[in-house]
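Here is the structure we will look at.
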């Protein structure tokens, strides 16, 4: 079989993809950042997480719509290319790359720091090499093994969270709270404080969008990927609200000696010093699972961009004939982690989020563009679902984008600038279109938007016949 004929194989179930999204989000993060969220919201952490979940759900709805229309693994990159402009699509994909390339690095660095703290004789770089290397080997072996390992690790993380909740409930049994409603709203809570905390909590939901990068490896993707996107946000949101509520009962109010280490102090309070030390396992397992999911997702985005020719096809657009995995891309992601070893965790974190929120806003705009095109063709779609909610989602995403640190915004804009320069080279000074995207919907069938007029062509160039046009998709 030639390299051109090797395609991603649909082997993942709905459960597999939901677990993938949850692993990417790292559920244990709710414990780690509780102190910051509680302090910022003046003791209303669950309300902040609930507000963040609703805000992210707006964008998740848009992703679900697009994933059903375009069952391809390129996520926001594909949606923008097809519905806005090929150049916009390229820049969105380029922006996401910064996010996706450094997210595994951040996950592995966190994990390596925890391991180095437990085993100080082994340097951080050795742990980082082990984490990146082992994750790469698992991902290279194939999506089936990745799925099995991912499910096992995520189950362990959820189990450890459950044990922590059990300790908290046991503590509350001997120290009943004065009020069961104060964690949602108390005398010190303000709208501004909750909104600010929700903006921070929203970062915990990053990863639900990565589910769409597995479209071509998911069974019945048009049905399961939209469901998985929404379920990831809903399950993650419920978990975050529940855990933060119980933690807020244990520690009423938002005053801490050190908000950044509040979680560790609470673990000592409810379970003792030994238990608190053991809970480092949660961060280690969670970091590995998250890195595994993020690396797989990043490699698929690179693969689609390589397959389209916007990245060198011979390197990025190839799959291994036996494992059906983009091996070069997986190795590249692992190598980036090692190259970033001398970058501080703060700087590495600054590389992410910019691309994510830019992509979120763009996907909401894609839904609006889809609505407008169908209206122009005389078709009807829900104004609330395709205009009102996407506008609200885009507004939230743009607001979150403006709340990033100055260094994150600066790095993001510089990366976009490099993307523009590469696009100028790719299009010979914008005199031609970027390499045209080749559709790879499964079974040789085009996606539901194949017969929509391409944004870079005139109506007179369209060869689609009205009789073959698909009906617009509503979700």
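Numbering (this note's numbering), first residue to last: 407 to 881. Cβ atoms here follow ideal geometry from the backbone N, Cα and C, with glycine treated the same way. None of the values given here were measured: they were computed from a predicted structure.
Item to check | Spatial neighbours of residue 652 in its chain, beta-carbon cut-off 8 Å, leaving aside the 5 residues before and after | outcome: 571, 574, 575, 578
Checklist entry - If you compare alpha carbons, which of 441, 474, 585, 464 is closest to residue 663? => result 441
Checklist entry - Taking all protein chains shown into account, do 16 or more other C-beta atoms lie within 10 angstroms of the C-beta of residue 819, making it buried, or fewer, making it exposed? => result exposed
Checklist entry - Pairing CB atoms from the stretch 625 to 638 with CB atoms from the stretch 690 to 709, are three or more of them under 8 Å? => result no
Checklist entry - Straight-line CA distance for residue 761 to residue 511? => result 15 Å
Checklist entry - Out of 414, 655, 797, 486, which has the shortest C-alpha to C-alpha gap to residue 588? => result 655
Item to check | Backbone secondary structure at residue 418 - three-state DSSP | outcome: strand
Next on the checklist: Tell me the residue span of the alpha helix (DSSP H) that contains residue 557.
Outcome noted: 549 to 580
Checklist entry - Below 8 Å between beta carbons: does that hold for residue 740 and residue 538? => result yes
Next on the checklist: Taking only three categories from DSSP, how would you classify residue 624?
Outcome noted: Three-state result, residue 624: strand.
Checklist entry - For residue 441, which of helix, strand or coil comes out of DSSP? => result helix
Item to check | Inter-residue Cα distance where the pair is residue 530 and residue 777 | outcome: 50 Å
Next on the checklist: Taking the straight line between their C-alpha atoms, what separation do you get for residue 435 and residue 673?
Outcome noted: 14 Å
Checklist entry - Which word fits residue 424, buried or exposed, when buried means at least 16 other C-beta atoms lie within 10 angstroms of its C-beta? => result Around the beta carbon of residue 424, 16 or more other beta carbons sit within 10 angstroms, so the residue counts as buried.
Item to check | Environment of residue 481 [buried if 16+ CB atoms lie within 10 Å] | outcome: buried
Item to check | Rounded C-alpha distance that separates residue 419 from residue 623 | outcome: 9 Å
Next on the checklist: What does the Cβ neighbour count give for residue 501, buried or exposed, with the cut at 16 atoms within 10 Å?
Outcome noted: buried
Item to check | Residue burial classification, residue 524 (beta-carbon count within 10 angstroms, cutoff 16) | outcome: exposed
Next on the checklist: Tell me the DSSP secondary structure of residue 661 in three-state form.
Outcome noted: coil
Checklist entry - Can you check whether the CB of residue 443 is closer than 8 Å to the CB of residue 456? => result no
Item to check | Where residue 596 falls: helix, strand or coil (DSSP) | outcome: Coil, per DSSP.
Item to check | residue 428 (DSSP reduced to helix, strand or coil) | outcome: In this structure, residue 428 counts as helix in the three-state DSSP scheme.
Checklist entry - What is the DSSP secondary structure of residue 685, reduced to helix, strand or coil? => result It is coil, neither helix nor strand.
Checklist entry - Going by alpha carbons, who is nearest to residue 946 out of 727, 747, 496? => result Because the chain in this structure spans residues 407 to 881, residue 946 falls outside the shown range and cannot be described.
Checklist entry - Can residue 459 and residue 715 be called in contact, C-beta distance under 8 Å? => result No, the pair does not count as a contact, with Cβ atoms beyond the cut-off.
Item to check | Nearest-angstrom beta carbon gap, residue 465 and residue 766 [assumed within contact, 8 Å] | outcome: 5 Å
Item to check | Inter-residue CB distance, residue 736 and residue 542 (contact presumed, cutoff 8 Å) | outcome: Right, their Cβ atoms sit about 5 Å apart.
Next on the checklist: With the cut-off set at 8 Å, would you say residue 357 and residue 613 are in Cβ contact?
Outcome noted: For residue 357 there is no data in the structure shown, the boundaries of the chain being 407 and 881.
Item to check | Given residue 429 as reference, the closest of 742, 562, 476, 687 once Cα atoms are compared | outcome: 562
Checklist entry - Taking just the CA atoms, how far does residue 580 sit from residue 475? => result One C-alpha to the other measures close to 53 Å.
Next on the checklist: Looking at the secondary structure, which residues open and close the alpha helix (DSSP H) in which residue 609 lies?
Outcome noted: It is not in any alpha helix (DSSP H) - residue 609 carries neither H nor E in the DSSP assignment.
Checklist entry - Can you tell me whether residue 593 is buried or exposed, with buried defined as 16 or more other CB within 10 angstroms of its CB? => result exposed
Item to check | C-alpha gap between residue 748 and residue 454, whole angstroms | outcome: 34 Å
Item to check | Own chain, CB closer than 7 Å to residue 696, minus 5 neighbours either side, in chain order | outcome: 429, 430, 432, 513
Checklist entry - Does DSSP put residue 490 in a helix, in a strand, or in coil? => result coil
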